[in-house]
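In the working numbering, the protein residues as written are 72 to 351.
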(Lines of atoms letter the chains of each structure in order from A and count residues from 1; the text may use other names and numbers.)
(Lines give C-alpha, C1' and ligand atoms only; values in the text may rest on other atoms or scores of the structure.)
Protein backbone atom coordinates (compact mmCIF):
# COMPACT_ATOMS: atom_id res chain seq x y z
CA UNK A 1 0.00 0.00 0.00
CA UNK A 2 2.95 2.34 0.44
CA UNK A 3 3.58 2.86 -3.27
CA UNK A 4 -0.01 3.92 -4.21
CA UNK A 5 -0.03 6.31 -1.25
CA UNK A 6 3.30 7.79 -2.35
CA UNK A 7 1.98 8.30 -5.88
CA UNK A 8 -1.18 9.88 -4.52
CA UNK A 9 0.89 12.21 -2.36
CA UNK A 10 3.03 13.26 -5.30
CA UNK A 11 -0.05 13.99 -7.40
CA UNK A 12 -1.39 16.23 -4.62
CA UNK A 13 1.93 18.06 -4.48
CA UNK A 14 2.00 18.49 -8.26
CA UNK A 15 -1.56 19.80 -8.20
CA UNK A 16 -0.56 22.39 -5.61
CA UNK A 17 2.53 23.40 -7.61
CA UNK A 18 0.38 23.77 -10.72
CA UNK A 19 -2.18 25.95 -8.93
CA UNK A 20 0.36 28.08 -7.09
CA UNK A 21 2.42 28.76 -10.20
CA UNK A 22 -0.73 29.55 -12.15
CA UNK A 23 -1.64 32.23 -9.61
CA UNK A 24 1.89 33.64 -9.82
CA UNK A 25 1.71 33.99 -13.61
CA UNK A 26 -1.86 35.32 -13.67
CA UNK A 27 -0.66 38.29 -11.64
CA UNK A 28 2.79 38.56 -13.23
CA UNK A 29 2.00 38.29 -16.92
CA UNK A 30 -1.33 40.00 -16.29
CA UNK A 31 0.27 43.17 -14.95
CA UNK A 32 2.74 43.35 -17.85
CA UNK A 33 -0.15 42.99 -20.31
CA UNK A 34 -1.99 45.79 -18.51
CA UNK A 35 1.05 48.06 -18.70
CA UNK A 36 1.39 47.27 -22.41
CA UNK A 37 -2.27 48.17 -22.90
CA UNK A 38 -1.51 51.49 -21.22
CA UNK A 39 0.03 52.63 -24.50
CA UNK A 40 -3.55 53.11 -25.66
CA UNK A 41 -4.49 55.54 -22.89
CA UNK A 42 -4.35 59.30 -23.23
CA UNK A 43 -1.71 60.20 -22.27
CA UNK A 44 0.08 56.89 -22.84
CA UNK A 45 1.22 54.93 -19.80
CA UNK A 46 -1.94 55.31 -17.77
CA UNK A 47 -2.20 51.67 -16.71
CA UNK A 48 1.00 51.17 -14.76
CA UNK A 49 4.77 51.26 -14.96
CA UNK A 50 7.88 49.35 -13.85
CA UNK A 51 7.01 49.72 -10.17
CA UNK A 52 3.51 48.31 -10.60
CA UNK A 53 5.05 45.37 -12.47
CA UNK A 54 7.51 44.70 -9.64
CA UNK A 55 4.81 44.88 -6.99
CA UNK A 56 2.34 42.66 -8.87
CA UNK A 57 4.98 39.99 -9.48
CA UNK A 58 5.81 40.04 -5.77
CA UNK A 59 2.14 39.80 -4.81
CA UNK A 60 1.75 36.94 -7.27
CA UNK A 61 4.54 35.07 -5.51
CA UNK A 62 3.02 35.73 -2.09
CA UNK A 63 -0.44 34.57 -3.10
CA UNK A 64 0.86 31.58 -5.02
CA UNK A 65 2.84 30.45 -1.99
CA UNK A 66 -0.22 30.77 0.24
CA UNK A 67 -2.17 28.61 -2.24
CA UNK A 68 0.35 25.78 -2.46
CA UNK A 69 2.45 25.80 0.71
CA UNK A 70 0.55 23.25 2.81
CA UNK A 71 0.63 20.49 0.18
CA UNK A 72 3.90 20.99 -1.66
CA UNK A 73 5.97 23.61 0.12
CA UNK A 74 5.17 26.03 -2.72
CA UNK A 75 8.40 25.96 -4.67
CA UNK A 76 6.71 27.47 -7.80
CA UNK A 77 10.13 27.53 -9.46
CA UNK A 78 12.37 24.70 -10.74
CA UNK A 79 15.43 26.60 -9.54
CA UNK A 80 14.03 26.47 -6.00
CA UNK A 81 13.17 22.78 -6.35
CA UNK A 82 16.66 21.86 -7.58
CA UNK A 83 18.34 23.92 -4.85
CA UNK A 84 16.21 22.32 -2.13
CA UNK A 85 17.08 18.87 -3.48
CA UNK A 86 20.77 19.75 -3.42
CA UNK A 87 20.89 21.43 -0.01
CA UNK A 88 17.75 20.64 2.01
CA UNK A 89 17.16 16.93 1.38
CA UNK A 90 14.21 17.31 -0.98
CA UNK A 91 13.73 14.13 -3.01
CA UNK A 92 15.53 14.21 -6.36
CA UNK A 93 12.82 11.87 -7.68
CA UNK A 94 10.30 14.70 -7.28
CA UNK A 95 12.33 17.38 -9.05
CA UNK A 96 11.14 16.63 -12.59
CA UNK A 97 7.45 16.14 -11.63
CA UNK A 98 7.51 19.42 -9.71
CA UNK A 99 9.15 21.24 -12.62
CA UNK A 100 6.59 19.86 -15.07
CA UNK A 101 3.70 20.91 -12.82
CA UNK A 102 5.16 24.39 -12.37
CA UNK A 103 5.69 24.82 -16.11
CA UNK A 104 2.17 23.57 -16.87
CA UNK A 105 0.67 26.03 -14.40
CA UNK A 106 2.64 28.87 -15.95
CA UNK A 107 1.58 27.78 -19.45
CA UNK A 108 -2.13 27.68 -18.62
CA UNK A 109 -2.01 31.03 -16.82
CA UNK A 110 -0.25 32.65 -19.79
CA UNK A 111 -2.91 31.31 -22.15
CA UNK A 112 -5.57 32.96 -19.97
CA UNK A 113 -3.67 36.27 -20.01
CA UNK A 114 -3.19 36.01 -23.78
CA UNK A 115 -6.90 35.38 -24.29
CA UNK A 116 -8.08 38.09 -21.92
CA UNK A 117 -5.79 40.77 -23.36
CA UNK A 118 -6.09 39.65 -26.99
CA UNK A 119 -7.80 42.82 -28.19
CA UNK A 120 -5.35 45.17 -26.48
CA UNK A 121 -2.30 43.23 -27.65
CA UNK A 122 -3.60 43.14 -31.23
CA UNK A 123 -4.11 46.92 -31.17
CA UNK A 124 -0.78 47.78 -29.55
CA UNK A 125 1.24 45.26 -31.55
CA UNK A 126 -0.67 43.87 -34.57
CA UNK A 127 2.27 41.75 -35.69
CA UNK A 128 2.76 40.18 -32.24
CA UNK A 129 6.41 41.07 -32.24
CA UNK A 130 9.13 41.60 -29.67
CA UNK A 131 7.30 44.80 -28.72
CA UNK A 132 4.81 42.86 -26.57
CA UNK A 133 6.68 39.57 -26.22
CA UNK A 134 7.83 40.77 -22.81
CA UNK A 135 4.25 40.35 -21.60
CA UNK A 136 4.95 36.63 -21.57
CA UNK A 137 8.68 36.00 -21.47
CA UNK A 138 11.89 37.86 -20.84
CA UNK A 139 14.39 39.39 -23.24
CA UNK A 140 17.83 40.93 -22.84
CA UNK A 141 17.40 44.55 -21.74
CA UNK A 142 13.64 43.94 -21.82
CA UNK A 143 13.77 44.01 -25.60
CA UNK A 144 15.48 47.41 -25.80
CA UNK A 145 18.15 47.34 -28.56
CA UNK A 146 19.60 50.65 -27.31
CA UNK A 147 20.98 48.88 -24.22
CA UNK A 148 23.72 46.53 -25.47
CA UNK A 149 22.95 43.45 -23.40
CA UNK A 150 23.15 40.13 -25.24
CA UNK A 151 22.73 36.47 -24.30
CA UNK A 152 25.79 36.13 -22.08
CA UNK A 153 25.20 39.41 -20.29
CA UNK A 154 21.64 38.30 -19.61
CA UNK A 155 22.89 34.88 -18.50
CA UNK A 156 25.21 36.54 -15.97
CA UNK A 157 22.30 38.64 -14.74
CA UNK A 158 20.08 35.58 -14.28
CA UNK A 159 22.76 33.71 -12.37
CA UNK A 160 23.26 36.64 -9.99
CA UNK A 161 19.56 37.44 -9.58
CA UNK A 162 18.58 33.85 -8.85
CA UNK A 163 21.52 33.42 -6.49
CA UNK A 164 20.19 36.37 -4.50
CA UNK A 165 16.70 34.86 -4.54
CA UNK A 166 17.80 31.43 -3.28
CA UNK A 167 20.21 32.79 -0.69
CA UNK A 168 17.35 34.78 0.80
CA UNK A 169 14.78 32.00 0.49
CA UNK A 170 17.15 29.65 2.28
CA UNK A 171 17.55 32.25 5.01
CA UNK A 172 13.88 33.00 5.59
CA UNK A 173 12.91 29.31 5.58
CA UNK A 174 15.70 28.16 7.89
CA UNK A 175 14.08 27.46 11.24
CA UNK A 176 17.48 27.56 12.94
CA UNK A 177 17.86 31.15 11.76
CA UNK A 178 15.39 34.00 12.40
CA UNK A 179 12.66 32.68 10.09
CA UNK A 180 9.52 34.87 9.80
CA UNK A 181 6.84 33.89 12.31
CA UNK A 182 3.03 34.01 12.22
CA UNK A 183 2.84 32.60 8.67
CA UNK A 184 4.61 35.66 7.26
CA UNK A 185 7.06 33.64 5.17
CA UNK A 186 5.09 33.97 1.90
CA UNK A 187 4.79 37.72 2.37
CA UNK A 188 8.51 38.11 2.94
CA UNK A 189 9.25 35.92 -0.07
CA UNK A 190 7.06 38.19 -2.17
CA UNK A 191 8.99 41.22 -0.93
CA UNK A 192 12.22 39.52 -1.97
CA UNK A 193 10.88 39.28 -5.53
CA UNK A 194 9.76 42.91 -5.45
CA UNK A 195 13.24 43.95 -4.37
CA UNK A 196 14.93 41.89 -7.07
CA UNK A 197 12.58 43.34 -9.67
CA UNK A 198 13.37 46.89 -8.63
CA UNK A 199 17.13 46.37 -8.37
CA UNK A 200 17.88 43.63 -10.93
CA UNK A 201 15.23 44.04 -13.62
CA UNK A 202 17.16 45.94 -16.30
CA UNK A 203 19.45 43.45 -18.00
CA UNK A 204 17.17 40.45 -18.41
CA UNK A 205 13.74 41.14 -16.92
CA UNK A 206 14.36 39.10 -13.72
CA UNK A 207 12.80 35.82 -14.83
CA UNK A 208 14.78 34.01 -12.05
CA UNK A 209 12.46 31.05 -12.69
CA UNK A 210 12.65 28.64 -15.65
CA UNK A 211 8.96 27.69 -15.45
CA UNK A 212 7.88 31.34 -15.27
CA UNK A 213 9.67 32.01 -18.56
CA UNK A 214 9.35 28.79 -20.58
CA UNK A 215 5.64 28.13 -19.93
CA UNK A 216 4.46 31.59 -21.04
CA UNK A 217 7.02 31.64 -23.88
CA UNK A 218 5.51 28.42 -25.24
CA UNK A 219 1.99 29.81 -24.81
CA UNK A 220 2.89 32.96 -26.73
CA UNK A 221 4.56 30.96 -29.51
CA UNK A 222 1.44 28.83 -29.96
CA UNK A 223 -0.79 31.91 -30.11
CA UNK A 224 0.92 34.06 -32.72
CA UNK A 225 4.33 35.12 -31.43
CA UNK A 226 6.45 33.35 -34.03
CA UNK A 227 9.69 34.87 -32.77
CA UNK A 228 9.16 33.85 -29.16
CA UNK A 229 12.30 31.71 -28.96
CA UNK A 230 14.61 34.52 -30.08
CA UNK A 231 15.56 37.96 -28.79
CA UNK A 232 15.38 41.37 -30.44
CA UNK A 233 18.62 40.64 -32.29
CA UNK A 234 17.34 37.38 -33.75
CA UNK A 235 19.55 35.26 -31.49
CA UNK A 236 18.23 32.06 -29.90
CA UNK A 237 17.50 33.18 -26.36
CA UNK A 238 15.00 30.90 -24.62
CA UNK A 239 17.76 28.87 -22.93
CA UNK A 240 19.08 31.85 -20.95
CA UNK A 241 16.21 32.14 -18.41
CA UNK A 242 16.24 28.36 -18.01
CA UNK A 243 19.91 27.59 -17.50
CA UNK A 244 20.85 30.87 -15.75
CA UNK A 245 18.38 30.45 -12.87
CA UNK A 246 19.25 26.78 -12.38
CA UNK A 247 22.94 27.67 -12.02
CA UNK A 248 22.21 30.74 -9.91
CA UNK A 249 19.85 28.88 -7.58
CA UNK A 250 22.50 26.29 -6.74
CA UNK A 251 25.08 29.04 -6.28
CA UNK A 252 22.88 31.11 -3.94
CA UNK A 253 21.81 28.13 -1.85
CA UNK A 254 25.43 27.00 -1.60
CA UNK A 255 26.57 30.44 -0.52
CA UNK A 256 23.94 30.54 2.21
CA UNK A 257 24.99 27.13 3.51
CA UNK A 258 28.69 28.04 3.48
CA UNK A 259 28.48 31.49 5.03
CA UNK A 260 25.51 31.04 7.38
CA UNK A 261 23.68 27.72 7.44
CA UNK A 262 26.55 25.48 8.53
CA UNK A 263 27.49 27.94 11.29
CA UNK A 264 24.08 28.18 12.93
CA UNK A 265 23.48 26.59 16.34
CA UNK A 266 21.86 23.17 16.35
CA UNK A 267 18.43 22.35 17.70
CA UNK A 268 20.02 21.42 21.02
CA UNK A 269 19.35 23.81 23.95
CA UNK A 270 21.33 27.02 23.76
CA UNK A 271 24.16 27.60 26.25
CA UNK A 272 23.28 29.79 29.26
CA UNK A 273 23.19 33.44 28.31
CA UNK A 274 22.77 32.74 24.55
CA UNK A 275 18.98 32.53 24.56
CA UNK A 276 16.39 33.84 27.02
CA UNK A 277 15.09 31.23 29.48
CA UNK A 278 11.38 30.55 29.66
CA UNK A 279 9.71 32.26 32.61
CA UNK A 280 6.90 29.71 32.85
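Beta carbons are placed, not taken as given, at the ideal position from N, Cα and C, and that holds for glycine.
This one's a predicted model, so the numbers in the text were calculated from it and none came from an experiment.
In chain order, what residues of the same chain lie with their CB nearer than 7 Å to the CB of residue i, ignoring the 5 residues before and after it?
| i | result |
| --- | --- |
| residue 183 | 97 |
| residue 94 | 131, 134, 135, 138 |
| residue 72 | Here residue 72 scores only 47 on pLDDT, less than 50, and its place in the model should not be relied on; the value that follows carries that caveat. Excluding residues within five positions, none has a Cβ falling inside 7 Å. |
| residue 174 | 282, 285, 286 |
| residue 103 | 124, 205, 206 |
Do you know how far the Cα of residue j is from the Cα of residue i?
| i | j | result |
| --- | --- | --- |
| residue 314 | residue 331 | 26 Å |
| residue 265 | residue 336 | 30 Å |
| residue 205 | residue 110 | 14 Å |
| residue 311 | residue 288 | 12 Å |
| residue 323 | residue 300 | 27 Å |
| residue 169 | residue 134 | 18 Å |
| residue 105 | residue 286 | 19 Å |
| residue 306 | residue 279 | 20 Å |
| residue 112 | residue 146 | 37 Å |
| residue 118 | residue 187 | 16 Å |
| residue 81 | residue 167 | 11 Å |
| residue 226 | residue 215 | 16 Å |
| residue 121 | residue 89 | 27 Å |
| residue 338 | residue 247 | 7 Å |
| residue 127 | residue 217 | 26 Å |
| residue 213 | residue 107 | 13 Å |
| residue 181 | residue 189 | 12 Å |
| residue 177 | residue 236 | 19 Å |
| residue 253 | residue 91 | 20 Å |
Spatial neighbours of residue i within its chain, please: CB distance less than 8 Å, with the 5 preceding and 5 following residues excluded, ordered by chain position.
| i | result |
| --- | --- |
| residue 251 | 243, 258, 259 |
| residue 142 | 83, 84, 86, 87 |
| residue 308 | 210, 211, 222, 225, 300, 301, 302 |
| residue 234 | 319, 320, 322, 323, 326 |
Which residue marks the beginning of the alpha helix (DSSP H) containing residue i, and which one marks its end?
| i | result |
| --- | --- |
| residue 24 | One cannot answer for residue 24 here, as it falls past the ends of the chain, which runs 72 to 351. |
| residue 231 | 222 to 243 |
| residue 246 | That residue, residue 246, is in no alpha helix (DSSP H); it is neither H nor E in DSSP. |
| residue 162 | No alpha helix (DSSP H) contains residue 162, which DSSP labels as neither H nor E. |
| residue 331 | Note, residue 331: premise wrong, no alpha helix (DSSP H); not H, not E. |
| residue 206 | Run containing residue 206: none; DSSP gives neither H nor E here. |
| residue 135 | 121 to 143 |
| residue 307 | Note, residue 307: premise wrong, no alpha helix (DSSP H); not H, not E. |
| residue 284 | 281 to 293 |
| residue 115 | That residue, residue 115, is in no alpha helix (DSSP H); it is neither H nor E in DSSP. |
| residue 64 | With the chain running from 72 to 351 in the structure shown, residue 64 is simply not present. |
| residue 260 | 256 to 270 |
Could you give the C-beta distance for residue i and residue j, rounded to a whole number, given that I count them as a contact under 8 Å?
| i | j | result |
| --- | --- | --- |
| residue 325 | residue 158 | 7 Å |
| residue 319 | residue 271 | So it is not a contact: roughly 11 Å between Cβ atoms. |
| residue 277 | residue 221 | Incorrect: roughly 17 Å between the Cβ atoms, too far for contact. |
| residue 203 | residue 192 | 5 Å |
| residue 275 | residue 219 | Actually they are not in contact, since the Cβ atoms of residue 275 and residue 219 sit about 13 Å apart, beyond 8 Å. |
| residue 149 | residue 317 | 7 Å |
| residue 185 | residue 79 | At roughly 33 Å, the Cβ-Cβ gap does not stay under 8 Å, so residue 185 and residue 79 are not in contact. |
| residue 262 | residue 144 | That pair is no contact at about 19 Å. |
Go through its chain and collect everything with a Cβ distance to residue i's Cβ below 6 Å, but skip five positions before and after it.
| i | result |
| --- | --- |
| residue 269 | 125 |
| residue 358 | Look at the range of the chain in this structure, 72 to 351, and you will see that residue 358 is not part of it. |
| residue 241 | 324, 327 |
| residue 116 | 109 |
So, does the segment 187 to 205 touch the segment 295 to 314, judging by three or more C-beta pairs under 8 Å?
Touching, per the Cβ criterion.
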